[in-house]
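First up is the structure itself, then whatever we jot down about it.
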Amino acid sequence: MALSNQQLAAIFSDIADRLEIQGEVVFKTRSYRVISENLAALPRPVEDIWREGKLNEVPGVGKAIHDKIDELLRTGKLEFYERLRAEVPDGVVDMLRVSGLGPKRVKEIWSTLGVMSLSELEAAGKAGRLRGLPKMGEKTELKILAGIESLKRRATGRMRAGDVLPIALQMREVLRAAPGVLRVEYAGSLRRGRETIGDLDFVAATTDPAAVMSLFRSQPHIEEILGAGETKSSVRLQNGLQVDLRAIDPSVWGAAMQYFTGSQAHNIRVREIAQKQKLSLNEYGLTAEDSTKLTFDTEEALYARLGMAWIPPELREDRGEIEAAQSGSLPRLITRADLRGDLQMHSTWSDGAADVLTMARGGIALGYEYILITDHSQSLGIANGLTPERVRAQRKEIDAVNRQLAGEGLVFRVLQGVEVEIKSDGAIDLPDDMLAELDLVQASVHTSLAQPRERITERALNAIRNPHIDILGHPSGRLINEREGGDFDWEALFHAAAEHDVALEINADPARLDLNETHARRAVELGCHLTISTDAHHPGGLNQIVYGLSVARRAWVTPETVINTWPLDKLLAWAASEV
DNA sequence: GCCGTTTTCGGCCCGACTGTTTTCAGTCG
7 MALSNQQLAA IFSDIADRLE IQGEVVFKTR SYRVISENLA ALPRPVEDIW REGKLNEVPG
67 VGKAIHDKID ELLRTGKLEF YERLRAEVPD GVVDMLRVSG LGPKRVKEIW STLGVMSLSE
127 LEAAGKAGRL RGLPKMGEKT ELKILAGIES LKRRATGRMR AGDVLPIALQ MREVLRAAPG
187 VLRVEYAGSL RRGRETIGDL DFVAATTDPA AVMSLFRSQP HIEEILGAGE TKSSVRLQNG
247 LQVDLRAIDP SVWGAAMQYF TGSQAHNIRV REIAQKQKLS LNEYGLTAED STKLTFDTEE
307 ALYARLGMAW IPPELREDRG EIEAAQSGSL PRLITRADLR GDLQMHSTWS DGAADVLTMA
367 RGGIALGYEY ILITDHSQSL GIANGLTPER VRAQRKEIDA VNRQLAGEGL VFRVLQGVEV
427 EIKSDGAIDL PDDMLAELDL VQASVHTSLA QPRERITERA LNAIRNPHID ILGHPSGRLI
487 NEREGGDFDW EALFHAAAEH DVALEINADP ARLDLNETHA RRAVELGCHL TISTDAHHPG
547 GLNQIVYGLS VARRAWVTPE TVINTWPLDK LLAWAASEV
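Offset between the first sequence (1-based) and my numbering: plus 6.
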């Protein structure tokens, strides 16, 4: 039975939870948390590495964890884990999700009161049985009950970055207006460009912490104030998002931004490096053994003092960036300015909201040199997909738009493509001679995503082998927080895409972000080209490219790999040379 | 549990806030 990296990661995270409740030493539980994160971020299937006998090369794998992974992959089960699950009931683990409850209190509540589920916890709280336990009084009891309530209301744990960034930008403007404030930025996972955000972190450099704290806590749309200190406050917004603010002295800006940007795994490594240099690192800077303080007003200065190049936030996950920063071998990550065009968008010819000319104007406004119109093909009836006749009619309109733009003296080209359906039996929804007339062809799976691995993989491979198909669009088909993508054999798919030189899309729609960062990194490792495109359905949608860029940067992607950084002539020559 | 240009044993990042406490444990990030 095959276990995915994500499934293995979830098991080790669950083991860490249950061991913590049992009171196991923190260093042991930390090891399980570390391996959980490392497995989740691993660009290749653990199973492949295991088969090659190279499990020990995975960071965080020692003898004990090696044997556990081995047992899981051999038998699909883990004796140790089964025992642990019997010892600590699932309902007890659930209680960890309540804000304000950690392993110590959960263990106390469980062992003293026999509470074994969230509903029993709620009943115990309402009956006043929680107060009186060690270190717990009336306030703690009320906090736990409030935590249960908020857990019931909250839809999901993490929100899409696309839903958080607009809130962050607006809130940043508000906070910047507080008296005494010199700088405000968001840090945390949003700054690192993650696809989902657990909570939003702000850092404010100010000479008047009380003023910005007070302003922060008096904003509208706040449901609950979770904490209110002199330099740190936390609130929960009505949409469930938790927002934290730290106020710091302007002189420590660099150290504070480094600290609050994280990730935790990255910070632990950076502090270990400081320790080896007899220095202690916190959010205020470095402290030497003789208590001398060093402050840093930029992150660059802090990293430099520790012997490293500045590390782009997107890379700060302890996935090799520390070593690269020490040896001066960090990648030159792709930026917005590298992109010369957007290769997936829709117009009113299918399910878009704007005509071709309007989409072109949108691309011009962003400084692009070209766009590719990729309306849906005929079998996607719900999206008004194009028949061959309508594809040819659209060509006339695109030619007219190009003539008009040229007449205005603009160096800009609208390319004609299509997002052709890969049908459930693997057939391509438009005939080859039709595809041959187009500038570039993108193929996508929209239906029958639940097919078994072999079947759905064969569909994608069939498209990749088609000499007219240049790009595989949103390869997995997932929708973040809505549905899983298809169960593709990614290694096979990437090898084939590299061989036939079919580019794989990083779809920048914040609901898709597909390929995701781990798949994108692996695809590049295996020699694939990528595109980063928005799938926009109106000109405003073109701005969502920033989310796709974040995925690419987190995947260590450099510009030359991405075909829409190429000049138009190179792009068209590549498309014409079918492999 | 993992890990190693000070270690194969003895370490393992660091601080704010809260609530229940007379000095600190628990939680969180």
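Beta carbons are placed, not taken as given, at the ideal position from N, Cα and C, and that holds for glycine. A quick note: this is a predicted structure, and the numbers were derived from the prediction, not measured.
Buried versus exposed, by CB contacts within 10 Å (16 or more), residue i
i, result
"R24", "buried"
"G59", "exposed"
"A558", "buried"
"R342", "exposed"
"K282", "exposed"
"A449", "buried"
"Q410", "exposed"
"H227", "exposed"
"G291", "buried"
"I569", "buried"
"I482", "In the sequence as presented, Ile is not what sits at residue 482; that position holds Ser. It is buried - the Cβ of S482 has at least 16 other Cβ atoms within 10 Å."
"P437", "exposed"
"R346", "buried"
Identified DSSP bridge partners for residue i
i, result
"S539", "N513"
"V209", "E191 and R252"
"E427", "S450"
"M351", "A542"
"S286", "T293"
"T220", "At residue 220 the sequence reads Ser, which differs from the Thr that was named. S220 is not bridged to any residue."
"Y309", "Looking at the DSSP assignment, Y309 forms no beta bridge with any residue, so it has no partner."
"H382", "E425"
"K576", "DSSP lists no partner for K576."
"S239", "A234 and L251"
"K299", "T293"
"V31", "Paired residue(s): none; V31 is not in a bridge."
Through-space distance from residue j to residue i, alpha-carbon basis
i, j, result
"E414", "V40", "57 Å"
"H501", "D431", "22 Å"
"R178", "A210", "9 Å"
"T118", "A16", "29 Å"
"I475", "L127", "57 Å"
"L285", "E295", "7 Å"
"T267", "L349", "32 Å"
"L247", "S224", "16 Å"
"G479", "H452", "10 Å"
"E531", "E497", "11 Å"
"F86", "A70", "11 Å"
"A469", "N549", "29 Å"
"L61", "D435", "43 Å"
"D520", "T293", "43 Å"
"Q28", "D76", "25 Å"
"G120", "V112", "10 Å"
"G334", "I377", "36 Å"
"G97", "G153", "16 Å"
"T237", "T540", "39 Å"
"T301", "I317", "18 Å"
"T81", "H72", "14 Å"
"R419", "S356", "20 Å"
"K429", "M351", "20 Å"
"A331", "T364", "44 Å"
"R401", "S353", "13 Å"
"G554", "A92", "43 Å"
"A3", "Q422", "This structure gives no information on residue 3, because the portion of the chain shown stretches from 7 to 585."
Same chain only: Cβ atoms within 6 Å of residue i, ignoring 5 sequence neighbours per side
i, result
"D344", "P565 and T571"
"R560", "G199, E320 and E523"
"E26", "T35 and P109"
"S105", "G153"
"D493", "R459"
Residue i Cβ short of 7 Å to the ligand MN heavy atom set
i, result
"V40", "Ligands in the displayed structure: none, and consequently the ligand MN is not present."
Neighbourhood of residue i by C-beta distance below 7 Å, restricted to the same chain and skipping five residues each side
i, result
"L79", "L9, E53 and W56"
"K74", "L84 and F86"
Test item: CB-CB of residue i and residue j under 8 Å
i, j, result
"G260", "T213", "no"
"V424", "T393", "no"
"L251", "S269", "no"
"L536", "V508", "no"
"H382", "G391", "yes"
"L136", "I150", "yes"
"H543", "A366", "no"
"L181", "L221", "yes"
"E147", "G131", "yes"
"P51", "R527", "no"
"V362", "I388", "no"
Same chain, Cβ closer than 8 Å to residue i, neighbours up to 5 away in sequence not counted
i, result
"R166", "E201, T202, I203, I486, N487, P516 and A517"
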